[in-house]
Amino acid sequence: DGKWHVICALWEGKHGSYEIWSDGKLRVSGEGLDEDVHISGGGTFVLGQGGDKRKDGFEDDAAFSGDISHFNMWDEWLDKADLRSREKSCKLEGNVINWNAADIKL
(Lines of atoms letter the chains of each structure in order from A and count residues from 1; the text may use other names and numbers.)
(Lines give C-alpha, C1' and ligand atoms only; values in the text may rest on other atoms or scores of the structure.)
Protein backbone atom coordinates (compact mmCIF):
# COMPACT_ATOMS: atom_id res chain seq x y z
CA ASP A 1 0.00 0.00 0.00
CA GLY A 2 3.07 2.27 -0.08
CA LYS A 3 2.78 3.27 3.61
CA TRP A 4 5.09 2.63 6.56
CA HIS A 5 3.77 0.24 9.19
CA VAL A 6 4.86 -0.56 12.73
CA ILE A 7 4.94 -4.30 13.41
CA CYS A 8 5.75 -5.95 16.71
CA ALA A 9 6.07 -9.69 17.32
CA LEU A 10 6.19 -10.93 20.92
CA TRP A 11 7.13 -14.46 21.99
CA GLU A 12 8.19 -16.04 25.26
CA GLY A 13 9.67 -19.51 25.40
CA LYS A 14 8.35 -20.93 28.67
CA HIS A 15 4.69 -21.18 27.62
CA GLY A 16 5.14 -20.36 23.93
CA SER A 17 2.92 -17.28 24.29
CA TYR A 18 2.90 -14.98 21.28
CA GLU A 19 1.28 -11.81 19.97
CA ILE A 20 1.54 -10.03 16.63
CA TRP A 21 0.76 -6.30 16.62
CA SER A 22 0.44 -4.08 13.56
CA ASP A 23 -0.02 -0.32 13.68
CA GLY A 24 -1.01 -0.44 17.36
CA LYS A 25 -3.62 -3.20 17.00
CA LEU A 26 -3.36 -6.78 18.24
CA ARG A 27 -3.79 -8.95 15.13
CA VAL A 28 -3.18 -12.48 16.49
CA SER A 29 -2.22 -14.12 19.79
CA GLY A 30 -1.95 -17.57 21.29
CA GLU A 31 0.11 -20.07 23.28
CA GLY A 32 2.04 -23.24 22.58
CA LEU A 33 4.42 -21.88 19.93
CA ASP A 34 7.74 -23.62 20.69
CA GLU A 35 7.10 -23.84 24.44
CA ASP A 36 9.94 -24.72 26.81
CA VAL A 37 12.45 -23.27 24.33
CA HIS A 38 15.41 -21.05 25.24
CA ILE A 39 17.34 -19.19 22.56
CA SER A 40 21.05 -19.13 23.38
CA GLY A 41 23.26 -16.25 22.32
CA GLY A 42 26.07 -16.33 19.80
CA GLY A 43 24.02 -17.23 16.74
CA THR A 44 23.09 -15.42 13.57
CA PHE A 45 19.79 -13.58 13.17
CA VAL A 46 18.39 -13.48 9.64
CA LEU A 47 15.74 -10.89 8.83
CA GLY A 48 13.71 -11.04 5.64
CA GLN A 49 14.31 -14.67 4.70
CA GLY A 50 12.06 -17.63 5.53
CA GLY A 51 13.72 -20.01 7.97
CA ASP A 52 11.58 -23.11 7.84
CA LYS A 53 13.67 -24.93 5.23
CA ARG A 54 16.87 -24.87 7.34
CA LYS A 55 19.23 -24.70 4.38
CA ASP A 56 22.25 -22.55 3.77
CA GLY A 57 22.01 -19.81 1.20
CA PHE A 58 19.48 -17.28 0.04
CA GLU A 59 16.17 -18.38 -1.46
CA ASP A 60 14.35 -15.88 -3.69
CA ASP A 61 10.97 -17.54 -3.15
CA ALA A 62 11.23 -17.11 0.63
CA ALA A 63 12.51 -13.52 0.64
CA PHE A 64 10.95 -10.33 1.99
CA SER A 65 10.68 -7.57 -0.60
CA GLY A 66 10.37 -4.01 0.67
CA ASP A 67 11.99 -1.63 3.13
CA ILE A 68 12.78 -2.24 6.80
CA SER A 69 13.79 0.50 9.19
CA HIS A 70 14.38 0.80 12.93
CA PHE A 71 14.36 -2.95 13.63
CA ASN A 72 15.06 -3.54 17.32
CA MET A 73 14.83 -6.60 19.56
CA TRP A 74 14.45 -6.81 23.34
CA ASP A 75 14.78 -9.79 25.68
CA GLU A 76 11.61 -9.03 27.62
CA TRP A 77 7.84 -9.25 27.10
CA LEU A 78 6.37 -5.81 26.39
CA ASP A 79 2.95 -4.89 27.73
CA LYS A 80 0.53 -2.70 25.79
CA ALA A 81 1.85 0.54 27.36
CA ASP A 82 5.46 -0.39 26.53
CA LEU A 83 4.48 -1.21 22.96
CA ARG A 84 2.75 2.12 22.45
CA SER A 85 5.66 4.03 23.98
CA ARG A 86 8.24 2.28 21.82
CA GLU A 87 6.07 2.52 18.71
CA LYS A 88 6.02 6.32 18.93
CA SER A 89 9.75 6.76 19.57
CA CYS A 90 12.38 6.01 16.96
CA LYS A 91 15.04 6.76 19.58
CA LEU A 92 14.50 3.61 21.67
CA GLU A 93 17.16 0.98 21.10
CA GLY A 94 16.80 -2.77 21.54
CA ASN A 95 19.01 -4.51 24.09
CA VAL A 96 19.45 -7.63 21.91
CA ILE A 97 19.44 -6.05 18.44
CA ASN A 98 19.86 -2.30 18.14
CA TRP A 99 19.12 -0.85 14.70
CA ASN A 100 21.60 1.99 15.20
CA ALA A 101 24.48 -0.27 16.28
CA ALA A 102 23.71 -3.47 14.35
CA ASP A 103 26.39 -5.19 12.30
CA ILE A 104 24.24 -5.53 9.18
CA LYS A 105 25.39 -7.57 6.22
CA LEU A 106 23.46 -7.41 2.95
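Position 3 of the sequence shown, counted from 1, bears residue number 3 in full-length UniProt numbering, the numbering being contiguous throughout. Just so you know, even glycine gets a beta-carbon here, dropped at the ideal spot from N, CA and C.
* What number of angstroms, rounded off, separates the C-alpha of residue 105 from the C-alpha of residue 94? -> Going from the Cα of residue 105 to the Cα of residue 94 covers about 18 angstroms.
* Asked: Going by the CB atoms, is the gap between residue 31 and residue 15 shorter than 7 angstroms?
  -> Yes, they are a contact pair.
* Kindly give me the distance between the Cβ atoms of residue 13 and residue 36, rounded to whole angstroms, as I take these residues to be in contact under 8 angstroms. => Distance from residue 13 to residue 36 at the Cβ level is roughly 7 angstroms; contact confirmed, criterion being Cβ atoms closer than 8 angstroms.
* Which class does residue 87 belong to by DSSP, given the choice of helix, strand or coil? -> Residue 87: helix per DSSP, three-state reduction.
* Asked: Does the Cβ of residue 86 have 16 or more other Cβ atoms within 10 Å, making it buried, or fewer, making it exposed?
  -> With 16 or more Cβ atoms within 10 Å of its Cβ, residue 86 is classed as buried.
* **8 angstroms contact criterion, which residue 7 and residue 45 should meet: CB distance rounded** => Contact doesn't hold; Cβ gap of about 16 angstroms is too wide.
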